[in-house]
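Residue numbers (my numbering), protein chains in the order written: chain A, 1 to 193; chain B, 1001 to 1193.
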DNA sequence: GTCTATAAATCGATAGAC
DNA sequence: GTCTATCGATTTATAGAC
């Protein structure tokens, strides 16, 4: 029997096979060329269909970007939900950081686009469901404080994780080593509990 | 009297006023919309001239990207040159990290595009003078080692700095606080000397 | 150094057949 | 669900006058 599905504020479920093909092709191309640098023609070519077929699934390019964002953010939402279930704030942050590292390593080839692409950042700011997830993540990372020290710490943690897994230096490192070393280094960033 | 100009492998000197206007406008637009998301028309509009006038200064868009990269990388090259002058490896890394933080805070609104934009990353890989600077930075950050621990550490330091200064959380923080807090947090990342 | 004008290709997006 | 065909706007880039 399945475990009860976590309450989702992001509707990433219910994709037809054709939609899934679009999302996966777009994800790979966005990561390599950026969102602005990816045309619908490139997505269509990658799938092996025409532009019109892509438009039948998502009738604007923005809709594709939102669908891609939902897929990537779903994991982050689960991680922050698990973290928020912890009672102690320091423990909560540890759980979230560990989840973020695991996700970032899993999705290392696409992690960059979510956190750095200007088009994606615009959606993260303006699309309400996305902003809520980001705000929950930041709140946990800041550990209840809101002073400059906590703010920069949260930014540095996010940046270190996203920046490290997408850094050219670690391109040839295996997932397990990257995960272990990243846990170790980012762990040093966290204040002693 | 002026101090002797540091040996430059990046030819960022010798810009005409018109070229400087192009570079500065491009820098701001690249940072906001990404490189692919910035057209020559947008650059021309920002300066207040026509596209043809822009093309008279740089006859391809790629040439503008290279010129922008040179300007931004010049600071990094000075920082790594200063760091390499130190005798002890741990001290060398400290000097470089401090220089990188200073540069990143100064250029916080454009720092992201250099380290994360897919088009810029392609130039950093393929343009030989750029790659040499990046390699020198990485060598100092890794402190003489080349194991997974040192590799991920170097990636995490770069990522933490670039990621932190461009993070939306710190957008409203003043430069001085950002610099101080970032030094503190990234300092914890460095192994005890 | 800047302009007008234009070329050739590609962009996102739509209509309608199958 | 995919196709052909097309639209209008925009893209990079060039030619030639001032």
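We put the beta carbon where it would ideally sit given N, CA and C, even for glycine.
Does chain B have any CB closer than 8 Å to the CB of residue i?
i	result
residue 186 (chain A)	yes
residue 116 (chain A)	yes
residue 32 (chain A)	yes
residue 119 (chain A)	yes
residue 103 (chain A)	no
residue 36 (chain A)	yes
Using CA coordinates, which residue listed in the options is at the minimum distance from residue i?
i	options	result
residue 46 (chain A)	A:29, A:128, A:185 and A:19	A:29
residue 1033 (chain B)	A:11, A:122 and A:109	A:122
residue 210 (chain A)	A:133, A:58, A:181 and A:150	Residue 210 (chain A) is absent from the structure shown; chain A starts at 1 and stops at 193.
residue 69 (chain A)	A:41, A:118, A:54 and A:142	A:118
residue 176 (chain A)	A:161, A:85, A:102 and A:58	A:102
residue 1109 (chain B)	B:1128, B:1049, B:1173 and B:1127	B:1173
residue 1180 (chain B)	A:127, A:178 and A:148	A:148
residue 1143 (chain B)	B:1192, B:1116 and B:1057	B:1192
residue 74 (chain A)	A:127, A:11 and A:85	A:11
Could one say the Cβ of residue i lies closer than 8 Å to chain A's Cβ atoms, at least one of them?
i	result
residue 1004 (chain B)	Annotation note: pLDDT 47 at residue 1004 (chain B) (below 50); position unreliable, coordinate value reported separately. Not closer than 8 Å to any Cβ of chain A, the Cβ of residue 1004 (chain B) fails to qualify, so no.
residue 1139 (chain B)	no
residue 1001 (chain B)	Because residue 1001 (chain B) carries a pLDDT of 44, less than 50, the predicted location of this residue cannot be relied on, and the following value inherits that uncertainty. No, because no Cβ of chain A sits closer than 8 Å to the Cβ of residue 1001 (chain B).
residue 1182 (chain B)	yes
residue 1076 (chain B)	no
residue 1192 (chain B)	no
Just the C-alpha distance for residue i and residue j, rounded to the nearest angstrom, thanks.
i	j	result
residue 1052 (chain B)	residue 1062 (chain B)	16 Å
residue 1155 (chain B)	residue 163 (chain A)	7 Å
residue 18 (chain A)	residue 1037 (chain B)	28 Å
residue 1020 (chain B)	residue 1040 (chain B)	15 Å
residue 1093 (chain B)	residue 188 (chain A)	17 Å
residue 113 (chain A)	residue 130 (chain A)	15 Å
residue 1106 (chain B)	residue 50 (chain A)	46 Å
residue 1160 (chain B)	residue 1060 (chain B)	33 Å
residue 1 (chain A)	residue 56 (chain A)	Bear in mind that a pLDDT of 44 at residue 1 (chain A), under 50, signals an unreliable position, so the model cannot answer this.
residue 1005 (chain B)	residue 115 (chain A)	Per-residue confidence for residue 1005 (chain B) stands at a pLDDT of 49, beneath the threshold of 50, marking its modelled position as unreliable; the derived number appears in the next sentence. C-alpha separation (whole angstroms): 38 Å.
residue 1137 (chain B)	residue 136 (chain A)	35 Å
residue 127 (chain A)	residue 1077 (chain B)	39 Å
residue 3 (chain A)	residue 1024 (chain B)	Low confidence applies here, because residue 3 (chain A) scores a pLDDT of 47, under 50, leaving its location unreliable; read the following figure in that light. Cα to Cα, the separation comes out at about 55 Å.
residue 184 (chain A)	residue 48 (chain A)	43 Å
residue 89 (chain A)	residue 1013 (chain B)	51 Å
residue 1087 (chain B)	residue 58 (chain A)	59 Å
residue 1146 (chain B)	residue 178 (chain A)	14 Å
residue 91 (chain A)	residue 1085 (chain B)	42 Å
Within this structure, are the beta carbons of residue i and residue j separated by less than 8 Å?
i	j	result
residue 1072 (chain B)	residue 1096 (chain B)	no
residue 158 (chain A)	residue 1015 (chain B)	no
residue 1134 (chain B)	residue 1124 (chain B)	yes
residue 182 (chain A)	residue 1152 (chain B)	yes
residue 198 (chain A)	residue 43 (chain A)	Here chain A covers residues 1 to 193 and nothing more, so residue 198 (chain A) does not appear.
residue 170 (chain A)	residue 104 (chain A)	no
residue 1099 (chain B)	residue 1083 (chain B)	yes
residue 120 (chain A)	residue 64 (chain A)	no
residue 66 (chain A)	residue 22 (chain A)	no
residue 9 (chain A)	residue 139 (chain A)	no
Using a C-beta to C-beta distance shorter than 7 Å, which residues of chain B count as neighbours of residue i?
i	result
residue 164 (chain A)	1152, 1155, 1156 and 1159
residue 169 (chain A)	1138, 1151, 1154 and 1155
residue 92 (chain A)	Chain B residues near residue 92 (chain A): none, gap ~18 Å exceeds 7 Å.
In chain A, what lies closer than 7 Å to residue i by C-beta?
i	result
residue 1177 (chain B)	148
residue 1041 (chain B)	Those do not exist, as residue 1041 (chain B) stays about 14 Å from chain A at its closest Cβ, beyond 7 Å.
At 8 Å on the CB atoms, spell out the chain A contacts of residue i, in chain order.
i	result
residue 1173 (chain B)	148, 151 and 152
residue 1107 (chain B)	Simply none; closest approach about 15 Å.
Listing by chain order, which chain B residues have their CB less than 8 Å from the CB of residue i?
i	result
residue 112 (chain A)	1116
residue 189 (chain A)	1160, 1185, 1188 and 1189
Would you say residue i touches the ligand HEM, meaning its beta carbon is less than 7 Å from a heavy atom?
i	result
residue 1022 (chain B)	Because no ligand of any kind appears in the structure shown, any question about the ligand HEM cannot be addressed here.
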